[in-house]
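Residue numbers (the working numbering), protein chains in the order written: chain A, 22 to 381; chain B, 56 to 479; chain C, -12 to 148; chain D, 290 to 546.
A virtual CB, placed ideally from N, CA and C, is assigned to each residue, including glycine.
Written out below as C-alpha cells is the structure these notes cover.
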Amino acid sequence: MQSTIIQKLLGHRIIFSILFILLLTAPLYLSDFRLNLLGKFLAFAILAIGLDLLWGYTGVLSLGHGIFFGLGAYCMAMYLKLEANAGGLPDFMTWSGMSELPLIWLPFQYPIVAIILGVLFPAFLAFVLGSLTFRNRISGVYFTILSQALVLVLVTLFVGAQNLTGGTSGLTNFETLFGIPMNEASTQTMFYIITVVVLAAIFLGCRRLVNGRFGNVLIGIRDGENRMRFLGYNPSAYKTFIYTLSAAIAGMAGMLFVLQVGIISPTMIGIIPSIEMVLWVALGGRGTIIGPVIGAVLVNAAKTGFSESYPDIWTYFLGLLFVLVVVFLPKGLTGLFETWKARRKSQNVGKHVDVAKSYR
Amino acid sequence: MRKPFIAFVLLGLFLCVLAACSASENAANANEPEETDNESTEDTSTDNGDTIKVGILHSLSGTMAISETSVQQAELLAIEEINENGGVLGKQLEPVVEDGASDWPTFAEKAGKLLEQDQVAAIFGGWTSASRKAMLPVVEENNGLLFYPVQYEGMESSPNIFYTGAAPNQQIVPAVNWLLENKGDSFFLLGSDYVFPRTANAAIKAQLEAKGGELVGEEYTPLGHTDYNTVIAKIRSEQPEVIFNTLNGDSNVAFFKQLSDAGITPEDTTVLSVSVAEEEIKGIGAEVIEGHLTSWNYYQTTDTSENEAFVENYKAAYGDDAVTADPIEAGYFGVHLWAKAVEKAGTTDVEAVKEAAKGISYDAPNGTVTIDGDNQHVYKTVRIGEVQSDGMIEQVWQSEEPIKPDPFLEGYDWANELSESLAE
Amino acid sequence: MVGSLSLPYSRLFILALSIVCLVSIYYYFYRTANGRRTRAVMQNRQMAECLGVSTRKVDMITFAIGSGFAGVAGCALTLLGAIGPTIGTNYIIDAFMVVVVGGVGALFGAVAGAFGIGIFNTVFEYVTSASIGKVLIFLLIIAFLQWRPSGLVVSRSRSLD
Amino acid sequence: MSENMLTLQKVTVDFSGFKAINELDFQVAPNNVHFVIGPNGAGKTTLLDCICGKSRATSGAILLHGKKDLTKRSEEKIVHQGIARKFQAPSIFHKLTVMENLEIAMKQKKRLFAMMKAKWTKTEKQSIHDMLDLIDLIEEKDELAGTLAHGQKQWLEIAMVLVQEPDIVLLDEPIAGMSKKERDKTGELITKIAEDRAVLIVEHDMDFVKSYADIVTVMHEGQVLFEGSMDEVQNDPKVREVYLGRKVEEDADNTGA
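Have a look at this one:
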C-alpha cells in the first residue's frame, strides 16, 4: 500500500517535471509570436490557480477576479509607462490637463515598489472587501454579486479617471524594463521563462497548501461552513485569507500579462473577462490544482485558434464548446480523469473483495 | 457508457484545435525564409507568389461589432474592386480577416499575428482610439502599416499609421465655428467617458473661450450608459442653445429618445453630434433625431459621381437596406489610397510606400482626398448636415475646399497651450 | 409636466406596467396553489419533495416566469433606450444588487431595494457624475450589508447550512 | 466537585415573537448522562442551539463553570471553551475521508496560521487511531465519508465530537435511524463518554432514555416541566398529563389520517 502511494507521488512528480521541462524549452520550438501567446496563456493559468483555490477548494465564487488581475497589471504598467516617458508625463495626462505627476503615480517610478504594490494592492483590496463581507457571513450568491459589482464599480472608476489611468485606452506603448528594451525577442523569452517559473512555484505552493490538513479545512468550509464553526474554526478568517491570497496571485498574473502583451485596458478586467476566468476553472475542473491550468491554457488556445481560423463565427464555436463541457463534463476535464480513476479503483476493490470472500 | 464517449469526442475536438494551431504554426514557419532577425528578408516574402496579403482587423464580435462590421465590408469591397481591375502590381490582393473582439489587447495580439505570422503588406482596421493605441506599438515595432478609418481626437502622429478619418480640425473645430455663427453661443458638452470626448471637449473649451462662446455644462457618462434623465434635468435647468454631443454607440439611442420624450426639440436646443452617422440613425430612429445636426466629411447623400457609384456598389454587395457613412467611406478609400501608393512605389516595402504616399491624391466618394506627407492624415472636406425624416443626412454647409489636417491643432492660436504641453 | 418634474407618457406607461407585474406576481405567489408550492420549494426543497411537490416542475415554472418578467422588463426598456444584443449586461448588476439589498426570496424587499437603489443612484448622479455615482452606490450597499447581512427582508430558517 | 458545569439563567430565545425558550433555568452536572425529552416544539433543540451559539439568547445568561457567560461569544469560541455539539442530521464532510474528518475535528490550534503549519504528531495519530477503533471504522478510514452507511455516519460524527476532547457534549437525537444493534452500541459509547465529561442528549426514544439516563429533564413550552430520574419522570402526574396526553392526541391524529 505504502509503496503504491510513493509510486503515485513519483508518477505525478515525473509527469509534472516533464511538463515543466516541456514548457521551459518551448522557446526552442515555438516562434516568437506563438511563444508570446503561450506566455499569456500561462499568465492566465496562474490566475486560474488562485481562483480555483477560492472557488474549487473554499467554495467562494468570485466573479470579480478581473479587478485583481487588472490592479496588478496596472501597477506594472504604470511603472513601464513612466520609464517609457523617461520621467516626463504620460501623454494621456497632458491631454487631460495635468501638469505634474499625480501623487498616486509617484511610487511607481521605482520598479521594485511597483512590483511589490502589484501584489500588495490587490491583496489589500481583497482583504478589506473580504473581511467586511465574510465577517458578516455574507456568502454564497450575495458575495458573488458583490464581487461582480466591485468589478463594475472599479472599471467605471478606471474609465472615468482618465487623467490617472488612461481611460478606456488603458496603458500601452512601453519601451524598457530596468533599462532593457522590452520588445526584443530575447527579453520576451526571458519574460516567458519567468512566467513558467512563477507558474511552477505557485502551482507547487498551492498544491502543498491544499494537500495537507489546511486543504481539508478549506474543503470543510466549502461543504459545511457552519459545521466548521461548531468544530471550532473561524471560516471567515480562512475565507478572507484565501480571497486575499488568490487576489495576490491574480495581481502577479496581471503583471506577467502586461510584460508580455504590452497593454492593459479596462476591457481586460471587466465583467466579461471576470466571468471568463471562472469558465477556465470550470472547464479545467475545479477542486484540483492542475485543472485550472489546463482549463486556462486550453480555453485560450481554443479562443485564439478558433478566431484565427474562423474570424466571423468563432464565438459560436467557443460557446458550443462551453455548453458541451458544462452539459457532458460537469466536473471539467479533470473530472473525466477522476471518473476513470474511480472506475479503476472500484474494479480493484471488486477484485479485492472477491479474494477476501474466497478466503472465508 | 454514453457520457464518456461524448467526452472523448470533446477531447478529440480539443486535440484537433491544438493540431490546427500547430499546423498553421508549421505553415507559417515554412513561409518564413529564415529566422526573422534579418530585417531585409522580412518584406520580400509579402511580394512572393501571385498574391499580396493585406490584413483586415476589426471587431466582428463584442460591443463594437455593429459599427465595425460595415467598415470591414467596405474595405473588402474596395479590395474586390482592386482585384477586378487587375490587382496591385499585377498581383491579386488576399485579405486576411481577423477579429479584434472589441477587446484592445486582442487588437494588439491580432495585429502582431498579421504582421509577424501572415506578413501582411498593410493592415486596415480599428475603430476606437483605444484599439488604435493598442495596435500602435505593435505596428511600430514590426515596422508595419496601419490604415485607421475613423475620426478621432488627434494629438497623435505615428510614422506607421495613416489616418483616413477626420482630425479634430476637420470635424470639430469647423462645427463649433459654424454653431457659434448660426445657432447661438451657449454650449453644453455631453460625452461618453473616454479619451475622444474628453480630449475633444478640452479643445472645444479653449475654442469657446477664444471665440466668446459660453460653456454652461459638461457631462460625461460611462460607455453604455442608458439613463439620461439626470443629464436632461441638468440640460433643462441650464437652457443651452447648443448641445455638443460626443456620446458613443448605444448611449445615443437612449439620449435622443429621452430628450425627445422630455419635449426638448431641435428648435429649443440643437444637438450636434460627431459620432452619429447614417448607420447610428437607423438604430436611434429618425423620428427622435430629426432636425438635429451632425458634422462629418461624408454623407450618403454627398453629391459626387464617385459617391453615386460607391453607394450603388455597396448596396449591390450588402443589400438595399445597407447605408454608407463616413467611417465606411474612409475605410473604403483607405484601401484605394494604399493601392495607389504601392503602384507608385512599385513595391509593398513599408518605407517605399510611405515615401510614395506623400501628397498622393484619390477621388474618393467625399471628393478628392490627399495625403499630407507631414503627418500622414488626409485633406478632407468638412460638412455639417441635418438629419431628415428618412434617416438620411442633408448637407447644410460645407467647407470651400478640403481642409489641411492638423492633428495637434498647431495652426490655431487658442489651442497653443494644448499643443505646447504635448510637444514637451 | 409638474414643476421641474416631467413625466413623459412612456415613463407613466412603464410605471403602470411594473405595478401590474408586481400585483400579478404577488397574486401568483401568495394566492394560488402553484405559488404556494414555489414558496415551499424555496423554503425547504427536500420537505416539499416529500410532500409530493414536483420540484422539477416548480423549477421550470419559476424559471419560465422569471424569464417572462425579464422579457416584459426588456419590452419596457425599448421605450427608454437602445436595444442591442448586449443590453442585458447593462442591467444585470443593478438587478442583482436590488435582490441583494432586498433579500433573496422577498417580494417586498425587491421592491424596496429597487426604489432605494434607484433613488440614491439618481441623487448621487445628480450631485456628482455618473461614474462617481456608481461608486457611491456600491459603497452604500457594502455599508448597508454590514448592518443587514441578508438584505432588508430576512427569511429565517433553522437548517444548518 | 458538586458545582454545575453549565448553568442557564432565565434564558429566553425569541424567534420574532415566538418564544422557543422562555425564561429557562437549567443546569448540567459533570459526569452525567443528562437527557432532555419533551413533546415537539418544547424547545429541546433550541436549548442545544443556544448553548452552542447557533441561536442567540434574547435575554438571560449561560454560565460555564459558574462564571464565563457564553451568550455573546461566537460559535468557535464556545467550542474552544469545551462544548461540542452533534447535530440531528449527520453533518460530516462527505468529500473528505473518515480519517480527514477526524483530522480536522480533533483538538488542536485551529487558527489560520497554526493550521497551515500543522503536522501529525504521534499522540494525535494514536488518539485518532483509538477513536477509530472505538467506533469500529478502522477498515474504512481511507474511504470517503459520503460512502458510509447511515449508522456509521452517526458514529463518525459522534467521534468528531469526541476528538475535540470537550467537557460538555451536546447530542441531538444520536440514535435516529439506527438499528437495534447500532443503538446498543451507541448507548455503550455514550456511557463511556460520560466517564469524564457531561453529556446532554435530546432524544425521543423512551427505551433508550430509560436504559442510559442518569438524569432526565422534561421540557414543555420552552420551560422545564420536571427534572429527576427516569422512574420519577414516569410517575409524575404533570408529565403524564402533558406528555402522554399529547401523545394520546397525536395517536388519535395519526389514526385519523
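>> Just to make sure I have the definition right: I need the residues of chain A whose C-beta is within less than 8 Å of the C-beta of residue 196 of chain B. Which are they?
In response: Within the second sequence, numbered from 1, the residue matching residue 196 of chain B stands at position 141. The answer, in chain order, is 204.
>> So if I threshold CB-CB distances at 7 Å, which residues from the segment 61 to 88 of chain C count as touching chain A?
In response: Per Cβ criterion, the list reads 76, 80, 83, 84 and 87.
> For the ligand FAD, any of its heavy atoms closer than 7 Å to the Cβ of residue 286 of chain A?
Replying inline: Within the structure as shown, the ligand FAD is missing, as the structure has no ligands at all.
> Of all the residues that make up the segment 275 to 300 of chain A, which are near chain B by a beta-carbon distance shorter than 9 Å?
Replying inline: Cβ proximity to chain B below 9 Å picks out 278, 282, 283, 284, 285, 286, 287, 288, 289, 293 and 294 from the segment 275 to 300 of chain A.
>> So, with DSSP's three-state summary, where would you put residue 91 of chain B?
In response: The count along the second sequence starts at 1 and reaches residue 91 of chain B at position 36. Because residue 91 of chain B sits at a pLDDT of 36, beneath the cut-off of 50, its placement in the model cannot be relied upon, and the following sentence gives the value as read from the coordinates. Coil, per DSSP.
> Along the segment 130 to 159 of chain B, what residues have a CB closer than 8 Å to any CB found in chain A?
Replying inline: 152, 153, 154, 156, 157, 158 and 159
> Along chain A, which residues have their Cβ under 8 Å away from the Cβ of residue 171 of chain B?
Replying inline: Locating residue 171 of chain B in the second sequence gives position 116, where the first residue counts as 1. Among the residues of chain A, those whose CB is under 8 Å from the CB of residue 171 of chain B are 52, 53 and 54, following chain order.
> Which of the three DSSP states, helix, strand or coil, is assigned to residue 34 of chain A?
Replying inline: Within the first sequence, residue 34 of chain A is the residue found at index 13, counting from 1. Correct three-state label for residue 34 of chain A: helix.
>> Between residue 151 of chain A and chain D, is any beta-carbon pair separated by less than 8 Å?
In response: The residue you call residue 151 of chain A lines up with position 130 of the first sequence. It does not: the Cβ of residue 151 of chain A has no partner Cβ on chain D nearer than 8 Å.
> In whole angstroms, what separates the C-alpha of residue 45 of chain C from that of residue 37 of chain C?
Replying inline: One-based indexing of the third sequence puts residue 45 of chain C at position 58. One-based indexing of the third sequence puts residue 37 of chain C at position 50. Cα to Cα, the separation comes out at about 14 Å.
>> Is the beta carbon of residue 286 of chain A closer than 8 Å to that of residue 189 of chain A?
In response: In the first sequence, the residue the question calls residue 189 of chain A occupies position 168. In the first sequence, the residue the question calls residue 286 of chain A occupies position 265. Yes; because the gap between Cβ atoms is below 8 Å, this pair is in contact.
> Between the C-alpha atoms of residue 82 of chain B and residue 304 of chain A, what's the straight-line distance to the nearest angstrom?
Replying inline: Taking the second sequence and counting its residues from 1, one reaches residue 82 of chain B at position 27. Taking the first sequence and counting its residues from 1, one reaches residue 304 of chain A at position 283. For residue 82 of chain B, the pLDDT reaches just 40, beneath the cut-off of 50, and the residue's location in the model is therefore unreliable, although a value from the coordinates is still provided. Cα to Cα, residue 82 of chain B sits roughly 30 Å from residue 304 of chain A.
>> Distance check for residue 186 of chain A and residue 112 of chain A, CA to CA, integer angstroms please.
In response: Here the question's residue 112 of chain A lines up with position 91 in the first sequence. Here the question's residue 186 of chain A lines up with position 165 in the first sequence. Distance from the CA of residue 112 of chain A to the CA of residue 186 of chain A, rounded to the nearest whole angstrom, comes to 11 Å.
> Is it buried or exposed for residue 424 of chain A, if we count other Cβ within 10 angstroms and need 16 for buried?
Replying inline: Past the edges of chain A, shown from 22 to 381, lies residue 424 of chain A, and the structure says nothing about it.
> In this structure, does DSSP put residue 292 of chain B in helix, strand or coil?
Replying inline: Residue 292 of chain B sits at position 237 when you count from the first residue of the second sequence. Residue state, collapsed to three classes: helix.
>> Residues of chain A with CB closer than 9 Å to the CB of residue 447 of chain B, please, in chain order.
In response: Counting from 1 along the second sequence, the entry for residue 447 of chain B is found at position 392. Those do not exist, as residue 447 of chain B stays about 29 Å from chain A at its closest Cβ, beyond 9 Å.
>> Could you check whether the segment 9 to 16 of chain C touches the segment 72 to 92 of chain C, counting it as contact only if at least three pairs of C-beta atoms, one from each stretch, sit closer than 8 Å?
In response: no
> At a Cβ cut of 7 Å, what residues of the segment 237 to 263 of chain A count as close to chain D, listed as they run along the chain?
Replying inline: 237, 238, 240, 241, 244, 245, 248, 250, 251, 252, 253, 254, 255, 258, 259 and 262
>> Check for me: the alpha helix (DSSP H) holding residue -2 of chain C runs from which residue to which?
In response: Counting from 1 along the third sequence, the entry for residue -2 of chain C is found at position 11. Looking at the DSSP string, the run of the alpha helix (DSSP H) that includes residue -2 of chain C is -4 to 18.
> Got a sec: which bits of the segment 179 to 198 of chain A sit with their beta carbon under 9 Å from any beta carbon on chain B, in order along the chain?
Replying inline: 180, 181, 183, 184, 187, 188, 189, 190, 191, 193, 194, 195 and 196
> So, does the CB of residue 158 of chain A fall closer than 8 Å to a CB anywhere in chain D?
Replying inline: Residue 158 of chain A sits at position 137 when you count from the first residue of the first sequence. Residue-level contact by beta carbon fails for residue 158 of chain A and chain D, as no gap is shorter than 8 Å.
> According to DSSP, is residue 393 of chain D helix, strand or coil?
Replying inline: As a working note, residue 393 of chain D is residue 104 in the fourth sequence. Residue 393 of chain D: helix per DSSP, three-state reduction.
>> Can you list, in chain order, the residues of its chain with a C-beta nearer than 8 Å to that of residue 1 of chain C? Leave out the 5 residues immediately preceding and following it.
In response: Mapped onto the third sequence, residue 1 of chain C falls at position 14. Correct list, in chain order: 63, 66 and 67.
>> Here's the rule: buried if 16 or more other CB atoms are within 10 angstroms of the residue's CB, otherwise exposed. What is residue 88 of chain B?
In response: As a working mapping, residue 88 of chain B is identified with position 33 in the second sequence. Any reading at residue 88 of chain B is ruled out, since the residue's pLDDT is 36, under 50, leaving its predicted position unreliable.
> Considering residue 201 of chain B, what are the terminal residues of the beta strand (DSSP E) in which it resides?
Replying inline: As a first step, residue 201 of chain B is located in the second sequence; it is residue number 146 there, counting from the start. From DSSP, the beta strand (DSSP E) with residue 201 of chain B extends over 201 to 203.
>> Give me, in chain order, the residues of the same chain whose beta-carbon lies closer than 6 Å to that of residue 526 of chain D; leave out the 5 immediate sequence neighbours on both sides.
In response: Numbered from its first residue, the fourth sequence carries residue 526 of chain D at position 237. No residues qualify anywhere along the chain.
> With 16 other CB atoms within 10 Å as the buried threshold, where does residue 546 of chain D fall?
Replying inline: Counting from 1 along the fourth sequence, the entry for residue 546 of chain D is found at position 257. Residue placement at residue 546 of chain D cannot be trusted, given a pLDDT of 35 that sits under 50; what the coordinates show is reported in the next sentence. Residue 546 of chain D should be labelled exposed.
> For the candidate residues C:-3, C:4, C:50 and C:-4, whose alpha-carbon lies nearest to that of residue 22 of chain C?
Replying inline: Residue 22 of chain C sits at position 35 when you count from the first residue of the third sequence. Comparing Cα-Cα distances from residue 22 of chain C to each of C:-3, C:4, C:50 and C:-4, the minimum goes to C:50.
>> Counting only C-beta atoms, is residue 136 of chain C closer than 8 Å to chain A at any point?
In response: Indexing the third sequence from 1 puts residue 136 of chain C at position 149. For residue 136 of chain C, the answer is yes, since a Cβ of chain A falls inside 8 Å of its Cβ.
>> So, with DSSP's three-state summary, where would you put residue 141 of chain A?
In response: If you number the first sequence from 1, residue 141 of chain A lands on position 120. Three-state DSSP puts residue 141 of chain A in a helix.
> Using the rule of at least 16 other Cβ atoms within 10 Å of the residue's Cβ for burial, across every protein chain shown, is residue 133 of chain C buried or exposed?
Replying inline: Within the third sequence, the letter at position 146 stands for residue 133 of chain C. Exposed is the call here.
> In chain C, which residues lie less than 8 Å from residue 429 of chain B when you measure between Cβ atoms?
Replying inline: One-based indexing of the second sequence puts residue 429 of chain B at position 374. Chain C residues near residue 429 of chain B: none, gap ~37 Å exceeds 8 Å.
>> Quick check: the Cα distance between residue 137 of chain C and residue 151 of chain A, rounded to an integer number of angstroms?
In response: For the purposes of this step, residue 137 of chain C is identified with residue 150 of the third sequence, where counting begins at 1. For the purposes of this step, residue 151 of chain A is identified with residue 130 of the first sequence, where counting begins at 1. Straight-line Cα distance between these residues: approximately 16 Å.
> Taking the alpha-carbon positions, what's the residue 45 of chain A to residue 105 of chain B distance?
Replying inline: If you number the first sequence from 1, residue 45 of chain A lands on position 24. If you number the second sequence from 1, residue 105 of chain B lands on position 50. Whole-angstrom Cα-Cα distance: 39 Å.
> Can you list, in chain order, the residues of the segment 437 to 468 of chain D whose Cβ is nearer than 8 Å to any Cβ on chain A?
Replying inline: 449 and 453
>> Between the alpha carbons of residue 358 of chain B and residue 454 of chain B, how many angstroms are there, rounded?
In response: Along the second sequence, read from residue 1 onward, the residue named residue 358 of chain B stands at position 303. Along the second sequence, read from residue 1 onward, the residue named residue 454 of chain B stands at position 399. Straight-line Cα distance between these residues: approximately 14 Å.
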